[in-house]
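S.K.: If you're matching positions, the sequence shown starts at 462 in the working numbering and goes up one per residue. Have a look at the structure that comes next, please.
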Amino acid sequence: MTFSIAARCPRTGQLGVGALTARPAVGKLVAHVYSGRGAVATQATPNPFLAYDGLPLLGEGRSPQDVLTELLARDPGREVRQVGMVDRQGRSHAFTGSRTKDWAGHRTGPGYAVQGNRLVGPETLAEIVRVFEHSGELDLAERLVLAIGAGEEAGGDRHGARSATVTVIGVQPYPLWDVRVDDSGHPARELRRLHGVFREEVLPTIQGMPTRDDPMGEAARQALGAQIGHETPSDAGNRLPSTMAPREAL
C-alpha cells in the first residue's frame, strides 16, 4: 500500500516527509510536519491523531519513542497502524502493527524513520535508507525525492503506485516544499518533474514571503520600492540561493 520516510536535515534543521502509495492523495493521508517539533508519517490504516497529538509532545522535548509508546498504548486500532516519527533533534522511532499487511516493516536511524506495508519485501526499505544516507550533501527535499524514486525502483508497492508527495518545513510555520502527485500512473517520475517546477517557479515566491524576523518580506519590499537599508535576516531553514529572486505577485 505505502512506503514513506520521515526525516530531519542536520545541516538546516528542516523536517520533512516523503511518501508513495497505490492510492490517490498520499500527501493528504500520510504526511505531517510542524516547524520546531517534528515530522510524522502515519499509514496502513492511518490515525492522524498520532501526528496531531504527537507533534505537541515532541515540542515539549519528549522523545519519539516515548511519544509513540504513550499514544499507541491508548489506540485500540494500533495493530493495523504503521507510523514513523522524527523530532527536531533527529531522534527517530517507528512502529508496525502485527496485523499490518505483508510485507510490512520499518527501519530507523539518525534523522530518519522509514516504513512500508504491502511491499514486495524488505529490499524496498533498504534501498530507501541507502539512498537517503548517501545523499547528505543535498537539500532535504531533493534527498526525499531521490529516496522515493529509489524505493519504487527497488520494487516499491506490490500493487503498483498511484500518488506521491514530499513536504518539507523550515523555521517558519508555513511549508518550504509541498509537492504532491495525487493521481498518476508514474507518481515517482511525476514527483521528480514537479520538484523541478516547484524549485524554479514556487520557491522564489516562498523566499519572498514575510518571516517572523522580517514581517514585510522581500517580495513586498521590492514591490513597494522600499529602501529599508538592511538585509533580510538569515533564515537557514528556509534559505535559498540569492540568484533566485522572488516572483511577480500572484
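Here a beta-carbon is modelled for each residue, glycine too, at the ideal position from N, C-alpha and C. A quick note: this is a predicted structure, and the numbers were derived from the prediction, not measured.
Run through DSSP, which three-state label would T473 get?
M.R.: coil
S.K.: Where does I466 sit, in a helix, a strand or coil, going by DSSP?
M.R.: In this structure, I466 counts as strand in the three-state DSSP scheme.
S.K.: I'd like the list of long-range same chain contacts for H636, defined as Cβ closer than 6 Å, with 5 residues on each side in sequence excluded.
M.R.: It should be pointed out that residue 636 corresponds to Pro in this sequence rather than to His. Same-chain partners within the cutoff: T628, I630.
S.K.: Going by Cα to Cα distance, which pick from P471, E540, L519 is closest to R498?
M.R.: L519
S.K.: List the DSSP bridge partners of R641.
M.R.: T626
S.K.: With a threshold of 16 other CB atoms inside 10 Å of the CB of D536, please say whether the residue is buried or exposed.
M.R.: buried
S.K.: So, using beta-carbon positions, are R654 and G610 closer together than 8 Å?
M.R.: no
S.K.: Could you compute how far the alpha carbon of D639 sits from the alpha carbon of Y495?
M.R.: 13 Å
S.K.: Output the distance between the C-alpha atoms of D563 and T557, rounded to the nearest integer angstrom.
M.R.: Separation of D563 and T557 (C-alpha to C-alpha, rounded to the nearest whole angstrom) is 11 Å.
S.K.: Under 8 Å between the Cβ atoms of T482 and R623?
M.R.: yes
S.K.: Kindly indicate the opening and closing residues of the alpha helix (DSSP H) around G499.
M.R.: Looking at the DSSP string, G499 is not in any alpha helix (DSSP H); the run it does join, the beta strand (DSSP E), is 499–505.
S.K.: In terms of residues, what are the limits of the beta strand (DSSP E) holding Y573?
M.R.: 573–578
S.K.: Answer with buried or exposed for T530, where buried requires no fewer than 16 other C-beta atoms within 10 angstroms of its C-beta.
M.R.: By the 10 Å Cβ count, T530 comes out exposed.
S.K.: What's the call for G657, buried or exposed, on a 16-neighbour Cβ count within 10 Å?
M.R.: exposed
S.K.: Applying the criterion that 16 or more other CB atoms from any shown protein chain within 10 Å of the CB defines a buried residue, is V581 buried or exposed?
M.R.: exposed
S.K.: Given a threshold of 16 other Cβ atoms within 10 Å of its Cβ, counted over all protein chains shown, does E662 qualify as buried or as exposed?
M.R.: exposed
S.K.: Between the Cα of P671 and the Cα atoms of D548, E679, R568, which residue gives the shortest distance?
M.R.: Just measuring C-alpha positions, the residue of D548, E679, R568 sitting nearest P671 is E679.
S.K.: Between G597 and G570, what straight-line distance do the alpha-carbon atoms span, to the nearest angstrom?
M.R.: Rounded to whole angstroms, G597 to G570 spans 13 Å at the Cα level.
S.K.: Is A565 near the ligand SAH, going by C-beta to nearest heavy atom under 7 Å?
M.R.: Here there are no bound small molecules, and the ligand SAH is not part of this structure.
S.K.: By how many angstroms is the C-alpha of L601 removed from the C-alpha of L533?
M.R.: 28 Å
S.K.: How close, in whole Å, do the beta carbons of T626 and V487 come, if the pair is a contact with beta carbons under 8 Å?
M.R.: 5 Å
S.K.: Whose CA, out of E613, Y513, R472, lies closest to the CA of E651?
M.R.: The residue among E613, Y513, R472 with its C-alpha nearest the C-alpha of E651 is E613.
S.K.: First and last residue of the alpha helix (DSSP H) that includes T557?
M.R.: Looking at the DSSP string, T557 is not in any alpha helix (DSSP H); the run it does join, the beta strand (DSSP E), is 553–557.
S.K.: From this set, Q668, R660, V606, A555, which residue's C-alpha is nearest V632's C-alpha?
M.R.: Q668
S.K.: Please classify D675: does DSSP put it in a helix, a strand, or coil?
M.R.: coil
S.K.: Taking the Cβ atom as the reference point for each residue, do F464 and T561 lie within a distance shorter than 8 Å?
M.R.: no
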